[in-house]
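*Asks:* The structure follows.
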Amino acid sequence: MKRALAALLLLSACAGGPPTALPLPRNASLAARLAPAVSVLDSAIAAGAAPGAVLAVSIRGERFVYGTGHLGLTDSTRPDGGTLYDMASLTKVIALTTLAMMAVEEGRLDLDAPVIRYLPDFARGAGDKAAVRIRDLLLHDSGLPAGRPLWRESLVREGGILRSVTTDLAAPPGTRMVYSDLGAITLTAVLESLYHERIDRLFAERIARPLGLTRMRYLPPKSWRHAIAPTERDPWRGRMLRGEVHDENTAHLDGVSGHAGLFGSAEDLLRFGEWTLAGALGRAAVRGPPVPTSFATWTRRQDTPTGSSRALGWDTPSGISSAGTIMGASSYGHTGFTGTSFWVDPGRETVIVLLTNRVHPTRNTPAFGLIRGTVADAVMRAAFPGSPPRAATPP
Numbered sequence: 006m007k008r009a010l011a012a013l014l015l016l017s018a019c020a021g022g023p024p025t026a027l028p029l030p031r032n033a034s035l036a037a038r039l040a041p042a043v044s045v046l047d048s049a050i051a052a053g054a055a056p057g058a059v060l061a062v063s064i065r066g067e068r069f070v071y072g073t074g075h076l077g078l079t080d081s082t083r084p085d086g087g088t089l090y091d092m093a094s095l096t097k098v099i100a101l102t103t104l105a106m107m108a109v110e111e112g113r114l115d116l117d118a119p120v121i122r123y124l125p126d127f128a129r130g131a132g133d134k135a136a137v138r139i140r141d142l143l144l145h146d147s148g149l150p151a152g153r154p155l156w157r158e159s160l161v162r163e164g165g166i167l168r169s170v171t172t173d174l175a176a177p178p179g180t181r182m183v184y185s186d187l188g189a190i191t192l193t194a195v196l197e198s199l200y201h202e203r204i205d206r207l208f209a210e211r212i213a214r215p216l217g218l219t220r221m222r223y224l225p226p227k228s229w230r231h232a233i234a235p236t237e238r239d240p241w242r243g244r245m246l247r248g249e250v251h252d253e254n255t256a257h258l259d260g261v262s263g264h265a266g267l268f269g270s271a272e273d274l275l276r277f278g279e280w281t282l283a284g285a286l287g288r289a290a291v292r293g294p295p296v297p298t299s300f301a302t303w304t305r306r307q308d309t310p311t312g313s314s315r316a317l318g319w320d321t322p323s324g325i326s327s328a329g330t331i332m333g334a335s336s337y338g339h340t341g342f343t344g345t346s347f348w349v350d351p352g353r354e355t356v357i358v359l360l361t362n363r364v365h366p367t368r369n370t371p372a373f374g375l376i377r378g379t380v381a382d383a384v385m386r387a388a389f390p391g392s393p394p395r396a397a398t399p400p
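Here the sequence shown is numbered in this note's numbering, starting from 6 and rising by one per residue.
Structural data, given as structure tokens:
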């Protein structure tokens, strides 16, 4: 089945997905224009890539939301735009990076200040930790390793955060990009220290409520669990997870961190994407808080260290990317381990959201990695016929 799925996705990537009988006029409804992309997603889910998925697209404010498959092994409910998924590392951009932007805008946080200005304990541990800047945490070039099993090493949230903050550097700051959950946890500690509030409350007060994100939050209540896609049968916790964060370290941090922990729906994520798009285009947001005036600089590829695709907190398209091959070089987005993907193309005023629970009932789904980029390309080909592949490097 894995081999058949890989072949299907390769064929779709090369051929642009199943053909339509006749070209559709550009003024056709978005749903009609995206029919080929829906076929690609339906085929991938039918082939076993994930139990189910929700695709949500916004193009110049016109929206399309589509769910396929089912929620889980024992739940045949078809997901829809209101179904909640474990966002996993999408939390890093939706909550952590956005809150950091707001703190910079308010003058509370300086990107080029050393981390030890805000967290003196960060100086503990081996390596030149005094040289690590806030900017380095966002670029993933701080020198911190990717992670460590905090859930095995400490008993309470405060102990887990302290172990993260005092971790030895694995490389000199600024010399290489290593995608680091520990860096994100450290930035979480910085923001919580600045505001004297936990990041779940900061997210609710400063982002979710002003934007009207009623189905996006940390620690969803038990009454929501019927509407949440399950994730993994977790050997550490000894049960199938549904409404509990999948990431072990976040679970140990009371379910609340800047690197993972958010649950949300495709419709709410689409709304968040449209808000960021206003910032990328230098426009006033239609609803919600003002977008930080520096937003576009945060989503611009920094090329630091040389060759890294990272922007400040965000990622940008490069090589074989979850953004596919057509979204523009100015696009920005992120993915999550549980099977989530979020990309915005400012040049075409397009937001693409793909939410799945590919880790259900196990994380052993090696063929899944092709799906996000293939679906993104199918959307772009269907919505913008004749679009060329993006240039190899950003301008």
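Ideal Cβ placement from N, Cα and C applies to all residues, glycine included.
#1: With a threshold of 16 other CB atoms inside 10 Å of the CB of L78, please say whether the residue is buried or exposed.
#2: Going along the chain, which unbroken runs of the alpha helix (DSSP H) with 4 or more residues stay wholly within the segment 28-72?
#3: Does R222 pass the burial test, meaning 16 or more other C-beta atoms within 10 Å, or should it be called exposed?
#4: CA-CA distance, L144 and G318?
#5: For L224, which option in D259, S198, L192 has the closest C-alpha, if you only look at C-alpha atoms?
#6: For a test of the three-state rule: what should DSSP assign to L267, helix, strand or coil?
#7: Give me the Cα-Cα distance between R113 and L104, rounded to the nearest whole angstrom.
#8: How is the beta strand (DSSP E) around S346 delimited, first residue to last?
#9: Looking at the unbroken beta strand (DSSP E) that takes in Y184, where does it start and where does it end?
#10: Taking 6 Å as the limit between beta carbons, can you name the residues of its chain near G293, skipping five residues before and five after?
#11: Whether or not the segment 114-134 and the segment 373-384 are in contact is what I'm after, with contact meaning three or more pairs of Cβ atoms, one per stretch, closer than 8 Å; do they touch?
#12: Grab the span of the alpha helix (DSSP H) containing R162 for me, first residue to last.
#13: Which residues does DSSP pair with P119 in a beta bridge?
#14: Considering only the alpha carbon of each residue, which of R353, V356, T367, T355 lies closest to G344?
#15: For S364, name the three-state secondary structure that DSSP assigns.
#16: Could you give the residue range of the alpha helix (DSSP H) that holds D382?
#17: Run through the segment 207-265 for me and flag every whole alpha helix (DSSP H) of 4 or more residues, listed as ranges in chain order.
#18: Using CA coordinates, which residue listed in R203, K134, T361 is at the minimum distance from E163?
#19: Quick one: Cα of E67 to Cα of A131, how far?
#20: Hey, F268 and D91: beta-carbon distance below 7 Å or not?
#21: CA-CA distance, T96 and S44?
#22: Could you spell out the range, first to last residue, of the alpha helix (DSSP H) harbouring L104?
#23: Which residue's Cα is closest to the Cα of P3: V195, D141, L192?
#24: Kindly indicate which three-state DSSP category R203 falls into: helix, strand or coil?
#25: Where does R395 fall in DSSP's three states?
#26: Would you kindly check if the distance between the Cβ of S323 and the Cβ of T340 is under 7 Å?
#27: Determine, using beta-carbon pairs with one atom in the segment 352-368 and one in the segment 290-305, whether at least three such pairs fall under 8 Å.
#28: Considering L89, what are the terminal residues of the alpha helix (DSSP H) in which it resides?
#29: Hey, A93 and A234: beta-carbon distance below 7 Å or not?
#30: Buried or exposed: where does A100 fall if 16 or more other Cβ atoms within 10 Å of its Cβ makes it buried?
#31: Please say whether L187 and H257 have beta carbons closer to each other than 7 Å?
#32: In its own chain, which residues sit with a C-beta less than 7 Å from the C-beta of A118, not counting the 5 before and 5 after it?
#33: In or out: V161 buried (at least 16 other Cβ within 10 Å) or exposed?
#34: Using a 10 Å radius around the Cβ and a threshold of 16 neighbouring Cβ atoms, would you call E237 buried or exposed?
#35: Is it the case that the Cβ atoms of V183 and A151 are separated by a distance below 7 Å?
#36: I need the DSSP call for V195, collapsed to helix, strand or coil.
*Replies:* Once the coordinates are examined:
#1: Within the sequence shown, residue 78 is the residue found at index 73, counting from 1. L78 should be labelled exposed.
#2: 35-38, 40-51
#3: Position 217 of the sequence shown, counted from the first residue, corresponds to residue 222. Buried, since its Cβ has 16 or more Cβ neighbours within 10 Å.
#4: Here residue 144 refers to the residue found at position 139 when the sequence shown is read from its first residue. Here residue 318 refers to the residue found at position 313 when the sequence shown is read from its first residue. Roughly 6 Å separates the two Cα atoms.
#5: Reading the sequence shown from its first residue, position 219 is the one you call residue 224. For the residues D259, S198, L192, the minimum Cα distance to L224 belongs to D259.
#6: On the sequence shown, residue 267 is found 262 positions in, with the first residue counted as 1. Strand.
#7: Within the sequence shown, numbered from 1, the residue matching residue 113 stands at position 108. Within the sequence shown, numbered from 1, the residue matching residue 104 stands at position 99. Approximately 11 Å, taken between the alpha carbons.
#8: In the sequence shown, residue 346 corresponds to position 341, counting from 1. Where S346 is concerned, the enclosing beta strand (DSSP E) stretches over 345-350.
#9: In the sequence shown, the residue the question calls residue 184 occupies position 179. From DSSP, Y184 is part of no beta strand (DSSP E); its letter is neither H nor E.
#10: Mapped onto the sequence shown, residue 293 falls at position 288. Excluding sequence positions up to five before and after G293, its CB lies within less than 6 Å of the CB of P215, L216, W280, all in the same chain and listed in chain order.
#11: no
#12: For the purposes of this step, residue 162 is taken as the residue at position 157 of the sequence shown. Note, R162: alpha helix (DSSP H), 162-170.
#13: Within the sequence shown, the letter at position 114 stands for residue 119. BP columns for P119 point to R138.
#14: Residue 344 sits at position 339 when you count from the first residue of the sequence shown. With distances taken between Cα atoms, G344 lies closest to T367.
#15: Translated into positions along the sequence shown, residue 364 becomes position 359. In the sequence as displayed, the identity of residue 364 is Val instead of Ser. The answer is coil: DSSP assigns V364 none of H, G, I, E or B.
#16: By one-based count along the sequence shown, residue 382 stands at place 377. First-last of the alpha helix (DSSP H) with D382: 374-388.
#17: 253-257
#18: Position 158 of the sequence shown holds residue 163. The option with the nearest alpha carbon to E163 is R203.
#19: Counted from its first residue, the sequence shown places residue 67 at position 62. Counted from its first residue, the sequence shown places residue 131 at position 126. Rounded to whole angstroms, E67 and A131 show a C-alpha spacing of 52 Å.
#20: The residue given as residue 268 occupies position 263 in the sequence shown. The residue given as residue 91 occupies position 86 in the sequence shown. For F268 and D91, yes; Cβs fall inside 7 Å.
#21: Taking the first residue of the sequence shown as 1, we reach residue 96 at position 91. Taking the first residue of the sequence shown as 1, we reach residue 44 at position 39. T96 and S44: Cα-Cα distance of roughly 29 Å.
#22: Locating residue 104 in the sequence shown gives position 99, counting from the first residue. Unbroken alpha helix (DSSP H) run through L104: 103-110.
#23: Outside the modelled stretch of the chain, which goes from 6 to 400, sits residue 3, for which no answer is possible.
#24: Mapped onto the sequence shown, residue 203 falls at position 198. Secondary structure at R203: coil, using DSSP grouped into helix, strand and coil.
#25: For the purposes of this step, residue 395 is taken as the residue at position 390 of the sequence shown. Here R395 sits in coil by DSSP.
#26: Position 335 of the sequence shown, counted from the first residue, corresponds to residue 340. Position 318 of the sequence shown, counted from the first residue, corresponds to residue 323. Going by C-beta atoms, T340 is not nearer than 7 Å to S323.
#27: no
#28: Taking the sequence shown and counting its residues from 1, the one referred to as residue 89 is at position 84. Not the alpha helix (DSSP H): L89 falls in the beta strand (DSSP E), residues 89-91.
#29: Translated into positions along the sequence shown, residue 93 becomes position 88. Translated into positions along the sequence shown, residue 234 becomes position 229. Not closer than 7 Å, so no.
#30: On the sequence shown, residue 100 is found 95 positions in, with the first residue counted as 1. By the 10 Å Cβ count, A100 comes out buried.
#31: Here residue 257 corresponds to residue number 252 of the sequence shown, with the count starting at 1. Here residue 187 corresponds to residue number 182 of the sequence shown, with the count starting at 1. No, the Cβ-Cβ distance between H257 and L187 is not below 7 Å.
#32: By 1-based counting over the sequence shown, the position of residue 118 is 113. Same-chain partners within the cutoff: R138, I139.
#33: As a position in the sequence shown, residue 161 is number 156, starting the count at 1. Exposed, because fewer than 16 other Cβ atoms sit within 10 Å of the Cβ of V161.
#34: By one-based count along the sequence shown, residue 237 stands at place 232. Around the beta carbon of E237, 16 or more other beta carbons sit within 10 angstroms, so the residue counts as buried.
#35: Residue 183 sits at position 178 when you count from the first residue of the sequence shown. Residue 151 sits at position 146 when you count from the first residue of the sequence shown. Yes. Within cutoff.
#36: As a working note, residue 195 is residue 190 in the sequence shown. Helix, per DSSP.
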